[in-house]
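Just remember that the numbering used here sits 67 ahead of the position in the sequence shown, which is counted from 1.
Note that the Cβ used here is the ideal one computed from N, Cα and C, for glycine as well.
Okay, so here's the structure we're looking at.
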Amino acid sequence: MTKDKMKINILTIFPEFFREVFDFGIIRRAKLAKIVGINIHDLRDFTDDKHRMVDDRPFGGGDGMVLQAQPIFAAIENLVGTCERENYPDGTKVILLSPQGRVFKQAVAKEFAAEANHIVLICGRYEGVDERVNEALVTDEVSIGDYVLSGGEPAAIVVVDAITRLLPNALGSETSAENDSFSDGLLDCPHYTRPADFRGMRVPEVLLNGNHVEIEKWRKEKALEKTRLNREDLLK
Ligand code: 6GU
């Protein structure tokens, strides 16, 4: 797929939540360079209801409220041009952020960055989202990890960040996604900068001697050590 600008649309009942969060660092730069375009949409703008209601009580009873299908269908029709998943243009991903999704990993970020040119993120809320959204609209249901958030908004920020930095030319030449944690299945090695002695704590000698073979060997060892300590599961 030819990589034109990546369009990301976020559907939320809390548009204010995203007011400044994408205006810093790599995401800001990628926006200015037209590598990515990020737009926030208030789900309430798509409701039929005169009171702008977007949720209702669950059929079958139970606690909490469920996001209704109608405003989400209307929003997808507006943003994608159709609310029939099989008719989405090539490169369209409609992602529901929910704790029931498949877990978002670096490999998933790479898949989205490589395959999509238009991503719609639906921020789940309350006790859930009417399942017909999943049945008809959603191409990928995604969770960012095994804990409960009050809504999908923080997850949307995580997904946007992880995808944006993988887009071609999003990182300056001074940084590279190749050296990131997880790109080789290990955590990153420790880093140090000046001064070489801070409060008596010395930078490892090997990093100061300019022997790049030795330095690479040290970094690999330390990456393994850190991974064994904090993320033994990654070594299996
Ligand atoms: Cl995507 N949504 C919510 N509500 N909780 C989560 C999550 C998403 N990912 C992990 N926990």
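Where the beta strand (DSSP E) through residue i begins and ends
i, result
"residue 163", "159-170"
"residue 184", "From DSSP, residue 184 is part of no beta strand (DSSP E); its letter is neither H nor E."
"residue 78", "73-79"
"residue 103", "103-109"
Rounded straight-line distance, which links the Cα of residue j to that of residue i
i, j, result
"residue 182", "residue 158", "6 Å"
"residue 178", "residue 228", "14 Å"
"residue 112", "residue 230", "27 Å"
"residue 106", "residue 262", "42 Å"
"residue 184", "residue 202", "22 Å"
"residue 95", "residue 82", "18 Å"
"residue 123", "residue 91", "36 Å"
"residue 151", "residue 251", "38 Å"
"residue 86", "residue 278", "47 Å"
"residue 291", "residue 284", "11 Å"
"residue 114", "residue 153", "24 Å"
"residue 145", "residue 239", "34 Å"
"residue 188", "residue 226", "9 Å"
"residue 247", "residue 139", "36 Å"
"residue 237", "residue 99", "10 Å"
"residue 68", "residue 129", "In this prediction, residue 68 has a pLDDT of 49, which is less than 50 and means its spatial position is unreliable; what the coordinates show is noted afterwards. Approximately 45 Å between the Cα atoms of the pair."
"residue 220", "residue 190", "6 Å"
"residue 195", "residue 142", "18 Å"
"residue 175", "residue 300", "18 Å"
Contacting residues, own chain, Cβ-Cβ under 6 Å from residue i (five flanking each side not counted)
i, result
"residue 224", "88"
"residue 205", "161 and 163"
"residue 116", "none"
"residue 222", "164 and 211"
Neighbourhood of residue i by C-beta distance below 7 Å, restricted to the same chain and skipping five residues each side
i, result
"residue 295", "302"
"residue 168", "208, 209 and 210"
"residue 119", "111"
"residue 297", "254"
"residue 282", "273 and 274"
"residue 286", "256"
"residue 121", "80, 110, 111, 114, 134, 135 and 138"
"residue 84", "220"
Same chain, Cβ closer than 8 Å to residue i, neighbours up to 5 away in sequence not counted
i, result
"residue 257", "289 and 293"
"residue 172", "249"
"residue 234", "70, 73, 97, 102, 103 and 180"
"residue 275", "263"
"residue 156", "147, 148 and 185"
"residue 244", "232, 233, 238 and 250"
"residue 165", "191, 195, 196, 208, 209, 210 and 219"
"residue 125", "131, 132, 133, 194 and 195"
"residue 265", "none"
Limits of the alpha helix (DSSP H) - the one that residue i falls within
i, result
"residue 297", "279-297"
"residue 194", "From DSSP, residue 194 is part of no alpha helix (DSSP H); its letter is neither H nor E."
"residue 137", "136-147"
"residue 231", "220-231"
"residue 95", "92-99"
For residue i, the residue or residues it bridges with in DSSP
i, result
"residue 208", "163"
"residue 268", "265"
"residue 133", "123 and 195"
Contact between the region 210-218 and the region 266-276 (3+ Cβ pairs under 8 Å): no
Three CB pairs or more closer than 8 Å across the region 103-110 and the region 71-85: yes
contact_flag[the region 194-209, the region 119-139] where n(CB pairs < 8 Å) is 3 or more: yes
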